[in-house]
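Residue numbers (this note's numbering), protein chains in the order written: chain A, 42 to 278; chain B, 1320 to 1535; chain C, 6 to 309.
Written out below as structure tokens is the structure these notes cover.
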Amino acid sequence: MNLLLEAAAWLADAAHWTGPGSVPVRVLEHLWVTALVVGAAAVVAIPTGVWVGHTGRGRTAVIAFAGAARAVPTLGLLTLLGLWLGIGLGAPLLALVVLAVPSLLAGAYSGVESVDGTTTSAARAIGMSEWQIVTRVELPLAAPVILGGVRAATLQVIATATLAAYIADAGLGRFLFNGLKSRDYAQMLAGALLVTLIALLFEVLLAAAQRRAARAARPAGQKSTSPSNPVFPKGPS
Amino acid sequence: MTWFSHAWGWVLELTWAHLWLSLPAILLSVAIAVPVGRLAFRRPGLGGALLSGSSLLYSIPALPLLIIVPAVFGVPLRSSATIIIALTVYGAALMVRTAADAFASVDSHVREAAIAVGHAPRELFWKVDLPLAVPVLVAGLRVVTVSTVGLVTIGALIGVPSLGTLFTDGFQRGIVAEVATGLIATVVLALALDGLCLLAGRALTPWRRAVEGAGA
Amino acid sequence: MKRLLTLTAIAAAAVLPLAACGNSDPLAEDSGSGPAGGSGGPLVIGSQDYYSSEIIAEVYAQALEAEGMEVQREFRIGQREAYLPELEAGRLDLFPEYTGPLLQYWEPNTEARLSDDVYAALSEATPDGLRVLDQAEATDQDAYVVTEEFAEKWDLETIDDLADVDEEITLGANSEAESRPNGPQGLADAYGVDAGFTPIEDGGGPLTVKALKDGDIQMAIIYTGDPSIAKNGLVALEDTKGLFLASHVVPLAGDAVGEEAADIINSVSAALTSDDLLELNGRSVDEQLPAATIAEDWLAGQDL
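So this is what it looks like as structure tokens:
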């Protein structure tokens, strides 16, 4: 409890709020890294996931890949990539993309897959092209689940982006490493609190977006069940 | 390969240690997440807060968590207990939401039918809800299993041996084979346990195969 | 949230027996289960999470075993904040340490820099229940390191020579250096040299070396005992004004280490030179041998 008070005192200290390396700068860096990573990962993972969900092709491969990618220790990957790419933001960004991809991929394919087959058959019957089926039927219906994937990936990246500070002068991780190495645990906990606050903010925003998408996907009085969680891929049954 | 010829015995020991850190954390995560998830499902008002709270627990960076756990639970910093508790926090946080989804996936007609044929509400959980929730629960369990096995490597940060040790040691000595062995062994162990979960899930839901067989 | 915390607390109660169960495996041995020193059980020897420290600890262990003593190995324990409390609590009995950093851990503002001063101050600063045995000649200390090309270009031998460097210098090191005397602030105060700072958290490891070679940083803090300095054509700059504390290998011992054991360890320290240490580290890195083999070979070549 004491430690928590010390962390609060650290945060309240005005000296930590101005100048280079201060709290606002680190928060902005952290948000910037998160946005870049989730954006890049989404560009790769969501179209792939939608394609897999729509065609049913490559499903086993994608599940296997997502499973293996989840087990890769991010710090390990980061150091290996660092040896290859050198210091700076390149290696952490790449390692974090690998972290974000499984959730996004799982969200996209399970979302599209969960769209009722009779709905897509009906769309086909009235003469929609495959492209139209994907964009006008499957994507809107799958949106809540896809957004769930974005939500899970974003939270993971916010928490893990602290590792960027391992080889780059960026992000809230600087407070964690600095605090750990100089035994300034108040600083370390303050950094962790800031990370958790940012996570809370995004959790609230993305949950709201997900609810809105769920309402749009089930219009006109259909009872909406809670959007199923896409983070958890159904096994290859 | 020079390195491996000297060190394979050590790799096995570390794999074993890794397993013994992972298993308790996974089991505890499930033991916590299932009741909390059921609570979240039955009381949607409370449920939203519970689910968001668990997401937030998952967002605590590992480094501070390893410092906070000994302070909160009074265990020594460098102990299996610290790692297992920290991983349980992550695992349970990760699984609560699926657990809630799992109970939501049980068809309410089935539940009503069970009451109609005379099951007491108390029996409902063990005889109807839980078995029918198993498929989704197993999906959640698999994710917790794989991510826990991957996360055990953070134990290297506080000196608890696991496959992560190969990682720090190999990195310091610049032995790529050692680092790669650490990474690969971690992933293989994760996938092996994942396979066991899958088999356990099948064994626990024999009726699904019957239904699928009939449908095919 | 609160409820979840309570549940987690309950789970913690449940975890302890399970954890103990995992500990039937000697590797996962819980620190608490070790013999609490002094009562005739085996001496518990620890090491840092650093291959060189592990080799020295293994040398201690084998030297003691050769005299018929019983030891227990608890190697690769993380950082000082993790293992020093265990030494103070008597759960670890013997640990290879480094005089400078250990002194700085207990007395961050110490003025001591030279070998004997540091050792004297350290003996003074060591808490009750612990003591430092004789220090070895072998040193493994932080130093400013640059690439050979950079050193030749600016004709660098000592840190003072950096004053003539006409381009921007960025120092790469663990983040704590930013606020420590051996970071940019200390460099400016002692030598009047201005340098930027980039954190690289691998303690002068391969990432740091790569950053030097890539030219992302011009100078790094690397241990002098690291074979990568010679292997990568790096040059350590001489520290004429004492930014860095002398850092000899020194055994930190608890009360359980009796006179006989202390004598054995002291004779090891008397034999361990800086060249030996570099060779031991080199065998670990180049021949990729386990610490036990390297220690055994070295001990076989000594006349202790």
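We put the beta carbon where it would ideally sit given N, CA and C, even for glycine.
Within the segment 198-229 of chain A, 199, 200, 203, 217, 221, 226 and 229 place their CB atoms closer than 7 Å to a CB of chain B, listed in sequence order. In terms of Cβ geometry, residue 231 of chain A and residue 51 of chain A form a close pair [threshold 8 Å]. Residue 163 of chain C counts as exposed, since fewer than 16 other beta carbons sit within 10 angstroms of its beta carbon. Look at residue 1386 of chain B here: in three-state DSSP terms it is helix. In the structure shown, residue 147 of chain C falls within a strand segment according to DSSP collapsed to helix, strand and coil. Per DSSP, reduced to three states, the secondary structure at residue 56 of chain C is helical. The three-state secondary structure of residue 259 of chain C, taken from DSSP, is strand.
Counting along the chain, residue 77 of chain C sits inside the beta strand (DSSP E) bounded by residues 76-82. Note: residue 171 of chain A is not bridge-paired with any residue in the DSSP secondary-structure output. Taking a beta-carbon distance threshold of 8 Å, residue 192 of chain C does not count as an interface residue toward chain A. Listed along the chain, the chain A residues whose CB falls inside 8 Å of the CB of residue 108 of chain C amount to none; the nearest CB is some 15 Å away. DSSP places residue 1521 of chain B in the uninterrupted alpha helix (DSSP H) bounded by 1495-1523.
In this model, residue 222 of chain A and residue 188 of chain C are separated by some 14 Å (Cα to Cα). Put simply, the backbone Cα of residue 1389 of chain B is about 30 Å away from that of residue 1497 of chain B. DSSP places residue 141 of chain A within a helical segment (H, G or I) once states are collapsed to three. Secondary structure note for residue 154 of chain C: its alpha helix (DSSP H) is the uninterrupted segment 153-159.
Per DSSP, residue 185 of chain A is one residue of the alpha helix (DSSP H) stretching across 180-201. Neighbours of residue 111 of chain A in chain B, taken as residues at a C-beta separation under 8 Å, are given in chain order as 1462, 1465, 1466, 1469 and 1509.
By the Cβ neighbour-count rule, residue 231 of chain C is buried, with 16 or more other Cβ atoms within 10 Å of its own.
In terms of Cα proximity to residue 204 of chain A, the closest of A:182, A:142 and A:131 is A:131. Counting only the Cα atoms, residue 241 of chain C lies some 6 Å from residue 149 of chain C. Per DSSP, the continuous alpha helix (DSSP H) segment holding residue 80 of chain A begins and ends at 64-96. One finds 1396, 1397, 1477 and 1478 in chain B with Cβ atoms closer than 7 Å to the Cβ of residue 87 of chain C, taken in chain order.
For residue 178 of chain C, the three-state secondary structure derived from DSSP is strand.
Within its own chain, the residues whose Cβ lies closer than 6 Å to the Cβ of residue 63 of chain C, once the five positions on either side in sequence are excluded, are 296, 297 and 300, listed in chain order.
Closest by C-alpha distance to residue 214 of chain A, out of A:95, A:126 and A:68, is A:68. In chain order, 127 and 128 make up the part of chain A whose C-beta sits under 7 Å from the C-beta of residue 216 of chain C. Look at residue 208 of chain A here: in three-state DSSP terms it is coil, with no helix or strand label. Under the DSSP assignment, residue 234 of chain C falls in the alpha helix (DSSP H) whose first and last residues are 233-236.
In the DSSP assignment, residue 201 of chain C is bridged to C:175.
Sequence-ordered contacts of the segment 75-86 of chain C with chain B read 81, 82 and 83 [C-beta pairs closer than 7 Å]. Counting C-beta pairs with one atom in each stretch, the segment 130-146 of chain A and the segment 158-173 of chain A have fewer than three that are closer than 8 Å, which means they do not touch. CA-CA distance, residue 118 of chain A to residue 1482 of chain B, rounds to 14 Å. Fewer than three beta-carbon pairs drawn from the segment 85-100 of chain A and the segment 169-176 of chain C are found closer than 8 Å, and the two stretches are therefore not classed as touching. Between the segment 1350-1366 of chain B and the segment 1415-1422 of chain B, the count of Cβ pairs shorter than 8 Å is three or higher; the stretches touch. In the DSSP annotation of this structure, the continuous segment of the alpha helix (DSSP H) that includes residue 1454 of chain B starts and ends at 1449-1470.
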